[in-house]
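What follows is one structure encoded as C-alpha cells, with my remarks underneath.
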Amino acid sequence: MNEAYRYFLIFLGALLIYNILLIRFIALCPLIGVSTQVETSIGMAMSVLFVMTMSTTASWLAWNYILKPLHIGEFLYIPVFILIIASLVQFTEMFIKKASPPLYRAMGIYLPLITTNCAVLAAATEAVKPGFLKLNVAYNFSLPEALVYTIGVALGFGLVLILFACIRERLETSPVPHAFKGAPIAFIIAALLSLAFMGFANLLGV
Amino acid sequence: MEEETTFWHEFSKGFILENPLMVLMVGLCSSLAISNRLENGIFMGVSATFVLVFSNVIISAIRKWTPDQIRIPIFIVVIASFVTIVDLSLKAYFPPVYERLGVWIPLIVVNCIILARAEGYAYTSTVKNALADGLGMGAGYTCVLLIMGFIRETLGTGKIVLFDKTLFNIAPPYNPPAIFILFPGAFLTFACLMALLNRYKMRKTDE
Chain A
1 MNEAYRYFLI
11 FLGALLIYNI
21 LLIRFIALCP
31 LIGVSTQVET
41 SIGMAMSVLF
51 VMTMSTTASW
61 LAWNYILKPL
71 HIGEFLYIPV
81 FILIIASLVQ
91 FTEMFIKKAS
101 PPLYRAMGIY
111 LPLITTNCAV
121 LAAATEAVKP
131 GFLKLNVAYN
141 FSLPEALVYT
151 IGVALGFGLV
161 LILFACIRER
171 LETSPVPHAF
181 KGAPIAFIIA
191 ALLSLAFMGF
201 ANLLGV
Chain B
207 MEEETTFWHE
217 FSKGFILENP
227 LMVLMVGLCS
237 SLAISNRLEN
247 GIFMGVSATF
257 VLVFSNVIIS
267 AIRKWTPDQI
277 RIPIFIVVIA
287 SFVTIVDLSL
297 KAYFPPVYER
307 LGVWIPLIVV
317 NCIILARAEG
327 YAYTSTVKNA
337 LADGLGMGAG
347 YTCVLLIMGF
357 IRETLGTGKI
367 VLFDKTLFNI
377 APPYNPPAIF
387 ILFPGAFLTF
397 ACLMALLNRY
407 KMRKTDE
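Chains A and B, in that order, give the protein sequences.
The opening residue of the first sequence carries number 1 in the working numbering; numbering runs sequentially from there.
The opening residue of the second sequence carries number 207 in the working numbering; numbering runs sequentially from there.
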C-alpha cells in the first residue's frame with residue numbers, strides 16, 4: 001500500500017469511520033457533561049487535542065523503549081500509561097500557567113478533567129497495542145503513524161463535541177416531552193448522530 | 207443491630223437512590239458500549255464490582271496514612287493494580303470474552319464510578335462502610351447493564367445466548383432490527399430507560 005495513502009486511511013478511520021465518541025462510545029461523560037455550550041466545547045476539544053498528542057508520544061516511547069525491551073509491558077502498561085497521562089496533565093497545566101496566562105485561563109478548568117477522560121488512555125493504549133483497533137491498516141504503529149492516528153482521534157472527538165453542543169443550544173428553546181427533558185433527549189440526539197456516522201462505515205474499504 | 211442497618215443502607219443506596227448510571231450519570235461509556243449482549247453485561251459487571259470493592263476497601267484502610275496532596279495518584283495506582291488483575295485473569299481464563307470486551311477492561315481504570323467512589327466516599331469512611339458501598343454500587347451498575355443487555359439482545363437478535371446456550375428464541379415470527387445491537391440502539395435504549403425513571407419519579411412527586 002502506498003505510504004501516503006496509508007496515513008490518510010489511518011487519519012480518516014480515526015476521525016470518522018471509527019469515531020471515538022459516536023461509534024466506539026469512548027469518553028461519553030464529557031459529551032454529555034461539557035457539551036451544553038459551544039464555547040466550552042471548543043475549549044475542551046483543544047485541550048484534548050493537546051494532551052492526547054503529548055501523552056501518546058510519551059506512551060509510545062515508554063512502550064517501545066522501556067516496557068517492551070524489558071518484557072514488562074503486558075502487566076504494567078495500565079499503571080504506567082495512566083501515570084504518564086496524569087503527570088503530563090499536571091506538567092502541562094503548570095507550564096501553560098507560566099508561559100501563557102491567557103491560554104491557561106481559556107483551558108484551565110478542562111485540563112485536570114482530562115486525566116479521567118477515557119479517550120486519552122484509549123488512544124495511548126491503541127497507539128501501542130493496535131490489536132484493539134479494528135482498522136485493517138498497519139499493525140504496530142510507527143511513531144508518525146501513532147501521531148497521525150492520535151490527531152485523527154482528537155479531531156474526531158472535537159468535531160462531534162462541537163456539533164453536539166450546537167444542537168443542544170438549539171434544544172434549550174424547543175418543546176421536549178416532560179420525561180425526556182435534559183439528559184434523555186441528549187441521548188436521543190446522540191443516537192441520531194451515531195446513525196448518521198454509521199453511514200461512513202466501509203468508506204474506502206476501511 | 208444499628209450497625210447492620212447502616213451496612214444495609216450503604217449497600218442499598220447504590221441500587222436506586224444513587225444508582226451510578228441512571229442517577230449519578232458516571233461511567234456511561236463502558237455500559238453503553240458493551241451492553242449489546244447479556245453475557246457481556248455479566249462479565250463487565252463482575253469485573254467492575256471486583257475492582258470497586260477491593261479499591262474501596264484498600265483506599266479506606268490506608269486513608270489515615272495517605273497524604274492529602276498526592277491522594278489522586280495513590281488512588282489511581284491502587285485502582286490500576288486491581289484492573290491489571292482483572293485484565294490478566296480474563297485474558298487467561300476467558301479469552302473470547304476478553305476479545306469482545308477489548309479496550310474496556312483497561313478503561314475500567316478511568317471509569318469515573320470507581321474514582322468517584324474512592325474520592326467521594328471511601329477516603330472518608332470506615333472499611334466496613336466502604337465495603338458495603340462498593341458492593342452496592344457494583345450491584346447497581348451490574349443491574350443496569352443486565353437490563354440494557356437483555357433489552358438490546360432480545361430486540362436486536364430475537365434470542366438470548368448465555369454461555370453458548372440459547373435461553374429462548376423468538377426469531378422466526380419476529381424480524382429483529384439489528385439497529386438495537388449496533389451503536390445507536392445503545393443510546394436509544396438508555397434514553398428510554400432514563401425517561402421511564404424520570405416519569406416514575408414525577409409520578410411519585412405528584413402523589
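Ideal Cβ positions, reconstructed from N, Cα and C, are used throughout, including at glycine.
Owing to the predicted nature of the structure, the values given are computational and were not obtained by experimental measurement.
**Q.** Where the alpha helix (DSSP H) containing Ile32 (chain A) begins and where it ends
**A.** Here residue 32 (chain A) corresponds to residue number 32 of the first sequence, with the count starting at 1. Note, Ile32 (chain A): alpha helix (DSSP H), Leu28 to Val34.
(Q) Between Phe288 (chain B) and chain A, is any beta-carbon pair separated by less than 7 Å? (A) One-based indexing of the second sequence puts residue 288 (chain B) at position 82. Not one chain A Cβ lies under 7 Å of Phe288 (chain B).
Q: Could you please tell me which residues of the segment 320–335 of chain B, in chain order, have their CB closer than 8 Å to any CB of chain A?
A: For the segment 320–335 of chain B, which is checked against every Cβ of chain A, the residues closer than 8 Å are Leu321.
Q | Reduced DSSP secondary structure (H/G/I, E/B, other) of Phe25 (chain A) | A | Working through the first sequence from its first residue, we reach residue 25 (chain A) at position 25. Three-state result, Phe25 (chain A): coil.
**Q.** Lys134 (chain A) at chain B interface by Cβ criterion, 7 Å
**A.** By one-based count along the first sequence, residue 134 (chain A) stands at place 134. Unreliable placement is indicated for Lys134 (chain A), whose pLDDT of 47 sits below 50; no coordinate value is reported for it.
(Q) Taking 8 Å as the limit between beta carbons, can you name the residues of its chain near Val315 (chain B), skipping five residues before and five after? (A) For the purposes of this step, residue 315 (chain B) is taken as the residue at position 109 of the second sequence. Only Ile282, Ile285, Ala286 and Val289 meet the Cβ criterion.
Q. So, is Pro99 (chain A) buried or exposed, given that buried needs 16 or more other C-beta atoms within 10 angstroms?
A. Taking the first sequence and counting its residues from 1, one reaches residue 99 (chain A) at position 99. The sequence given here places Ala at residue 99 (chain A); Pro does not occur at that position. With fewer than 16 other beta carbons inside 10 angstroms of its own, Ala99 (chain A) counts as exposed.
Q | Neighbour-count burial assignment, Tyr149 (chain A), 16 or more Cβ in a 10 Å radius | A | Within the first sequence, numbered from 1, the residue matching residue 149 (chain A) stands at position 149. Classification of Tyr149 (chain A): buried, given that the 10 Å Cβ count is 16 or more.
**Q.** Reference Pro279 (chain B); option with closest CA among A:Ala62, A:Ser87 and A:His71
**A.** The residue you call residue 279 (chain B) lines up with position 73 of the second sequence. Nearest C-alpha to Pro279 (chain B): A:Ser87.
Q.
Quick check on DSSP: helix, strand or coil for Gly131 (chain A)?
A. For the purposes of this step, residue 131 (chain A) is taken as residue 131 along the first sequence, with counting starting at 1. The predicted position of Gly131 (chain A) is uncertain, since its pLDDT is 49 and thus under 50; no value can be drawn from it.
Q.
At the level of alpha carbons, what is the spacing between Ile82 (chain A) and Leu121 (chain A)?
A. What you label residue 82 (chain A) is simply residue 82 of the first sequence in a count that begins at 1. What you label residue 121 (chain A) is simply residue 121 of the first sequence in a count that begins at 1. Ile82 (chain A) and Leu121 (chain A) have their C-alpha atoms roughly 7 Å apart.
Q.
Output needed for Asn335 (chain B): all residues of its chain with C-beta closer than 6 Å, excluding positions within five of it in sequence on either side, in chain order.
A. For this step, residue 335 (chain B) is matched to residue 129 along the second sequence. Here Asn335 (chain B) has Glu216 as same chain residues with Cβ atoms under 6 Å from its own Cβ, once five neighbours each way along the sequence are excluded.
Q | Listed by chain order, chain B residues near Phe164 (chain A) by CB distance under 9 Å | A | Within the first sequence, residue 164 (chain A) is the residue found at index 164, counting from 1. Going along chain B, no residue has its Cβ under 9 Å from Phe164 (chain A), so there is no contact; the nearest lies around 12 Å.
Q: State the beta-bridge partners of Phe157 (chain A) as determined by DSSP.
A: Along the first sequence, read from residue 1 onward, the residue named residue 157 (chain A) stands at position 157. None, per the DSSP bridge assignment.
Q: Within the same chain, show all residues whose beta-carbon is closer than 7 Å to that of Trp60 (chain A), passing over the 5 residues directly before and after it, in chain order.
A: Here the question's residue 60 (chain A) lines up with position 60 in the first sequence. Non-local beta-carbon contacts of Trp60 (chain A) in its own chain, meaning distances under 7 Å to residues more than five positions away in sequence, involve Ala127, Val128, Leu143 and Ala146 in chain order.
Q.
For a minimum of 4 consecutive residues, which ranges assigned as the alpha helix (DSSP H) are wholly contained in the segment 255–330 of chain B?
A. Complete alpha helix (DSSP H) runs here, min 4: 277–299, 301–307 and 318–326.
Q | Under 8 Å from the C-beta of Glu172 (chain A): neighbouring residues of chain B | A | Start at 1 with the first residue of the first sequence, and residue 172 (chain A) comes out as number 172. By Cβ distance, chain B contributes nothing, its closest Cβ being about 18 Å from Glu172 (chain A), past 8 Å.
Q) At a Cβ threshold of 7 Å, is Cys235 (chain B) touching chain A? A) The residue labelled residue 235 (chain B) in the question sits at position 29 within the second sequence. At a cut-off of 7 Å between beta carbons, Cys235 (chain B) contacts chain A.
Q: Could you check the C-alpha separation between Ser261 (chain B) and Glu325 (chain B) for me, to the nearest Å?
A: On the second sequence, residue 261 (chain B) is found 55 positions in, with the first residue counted as 1. On the second sequence, residue 325 (chain B) is found 119 positions in, with the first residue counted as 1. Straight-line Cα distance between these residues: approximately 11 Å.
Q.
Within a Cβ cutoff of 6 Å, which residues of the same chain sit near Gly247 (chain B), ignoring the five residues on either side of it in sequence?
A. As a working mapping, residue 247 (chain B) is identified with position 41 in the second sequence. The residues are Ser241, Leu351, Leu352 and Gly355.
(Q) Strictly by DSSP, which residues pair up with Phe374 (chain B)? (A) What you label residue 374 (chain B) is simply residue 168 of the second sequence in a count that begins at 1. Partner(s): B:Ile366.
**Q.** Given Arg358 (chain B) as reference, the closest of B:Thr255, B:Gly233 and B:Leu238 once Cα atoms are compared
**A.** As a working note, residue 358 (chain B) is residue 152 in the second sequence. With respect to the C-alpha of Arg358 (chain B), the residue from B:Thr255, B:Gly233 and B:Leu238 having the closest C-alpha is B:Leu238.
Q) If you draw a straight line from the alpha carbon of Leu49 (chain A) to that of Gln90 (chain A), how long is it in whole angstroms? A) Residue 49 (chain A) sits at position 49 when you count from the first residue of the first sequence. Residue 90 (chain A) sits at position 90 when you count from the first residue of the first sequence. The C-alpha of Leu49 (chain A) lies about 16 Å from the C-alpha of Gln90 (chain A).
**Q.** DSSP three-state assignment for Thr150 (chain A), whether helix, strand or coil
**A.** Taking the first residue of the first sequence as 1, we reach residue 150 (chain A) at position 150. In this structure, DSSP gives Thr150 (chain A) a helical state, which the three-state scheme calls helix.
Q) Could you give the C-beta distance for Leu296 (chain B) and Val303 (chain B), rounded to a whole number, given that I count them as a contact under 8 Å? A) Against the second sequence, residue 296 (chain B) aligns to sequence position 90. Against the second sequence, residue 303 (chain B) aligns to sequence position 97. Contact holds; Cβ gap of about 6 Å.
Q | Cβ separation of Ala124 (chain A) and Thr36 (chain A), assumed to be a contact under 8 Å, to the nearest whole Å | A | Residue numbering aside, residue 124 (chain A) sits at position 124 when the first sequence is read from its first letter. Residue numbering aside, residue 36 (chain A) sits at position 36 when the first sequence is read from its first letter. Incorrect: roughly 28 Å between the Cβ atoms, too far for contact.
Q: Output the distance between the C-alpha atoms of Ser41 (chain A) and Ile376 (chain B), rounded to the nearest integer angstrom.
A: For this step, residue 41 (chain A) is matched to residue 41 along the first sequence. For this step, residue 376 (chain B) is matched to residue 170 along the second sequence. Rounded to whole angstroms, the gap between the alpha carbons of Ser41 (chain A) and Ile376 (chain B) is 44 Å.
Q: Go through its chain and collect everything with a Cβ distance to Phe213 (chain B)'s Cβ below 7 Å, but skip five positions before and after it.
A: The count along the second sequence starts at 1 and reaches residue 213 (chain B) at position 7. Correct list, in chain order: Lys334 and Ala338.
Q: Give the interface partners of Ser41 (chain A) over in chain B, defined as CB-CB distance under 9 Å, in chain order.
A: Residue 41 (chain A) sits at position 41 when you count from the first residue of the first sequence. Think of a sphere of 9 Å around the beta carbon of Ser41 (chain A): no beta carbon from chain B falls inside it, the nearest being about 17 Å out.
Q) In or out: Ala384 (chain B) buried (at least 16 other Cβ within 10 Å) or exposed? A) Here residue 384 (chain B) corresponds to residue number 178 of the second sequence, with the count starting at 1. It counts as exposed.
**Q.** Supposed contact pair Leu22 (chain A) and Val160 (chain A) - C-beta distance, whole angstroms, cut 8 Å
**A.** Here residue 160 (chain A) refers to the residue found at position 160 of the first sequence. Here residue 22 (chain A) refers to the residue found at position 22 of the first sequence. Cβ atoms of Val160 (chain A) and Leu22 (chain A) come within 8 Å of each other, at about 6 Å.
Q.
My assumption, with CB atoms under 8 Å, is that Phe374 (chain B) sits in contact with Ile366 (chain B). Please give the rounded CB distance.
A. Counted from its first residue, the second sequence places residue 374 (chain B) at position 168. Counted from its first residue, the second sequence places residue 366 (chain B) at position 160. 6 Å between Cβ atoms; contact.
Q) Of all Cβ atoms in chain B, is any one closer than 7 Å to the Cβ of Ala191 (chain A)? A) To locate residue 191 (chain A), count along the first sequence from 1; it is residue 191. Closer than 7 Å: yes.
**Q.** DSSP state of Lys181 (chain A) mapped onto helix, strand, coil
**A.** Translated into positions along the first sequence, residue 181 (chain A) becomes position 181. In the structure shown, Lys181 (chain A) sits in coil (DSSP, three-state: anything other than H, G, I, E or B).
(Q) Just verifying my parser: in three-state terms, what is the DSSP assignment at Lys334 (chain B)? (A) What you label residue 334 (chain B) is simply residue 128 of the second sequence in a count that begins at 1. Lys334 (chain B) falls in the helix class under three-state DSSP.
Q: Flag this pair as yes or no: are the beta carbons of Ile26 (chain A) and Ala165 (chain A) separated by less than 7 Å?
A: Here residue 26 (chain A) is taken as the residue at index 26 of the first sequence, counted from 1. Here residue 165 (chain A) is taken as the residue at index 165 of the first sequence, counted from 1. No, these two residues do not count as a Cβ contact at 7 Å.
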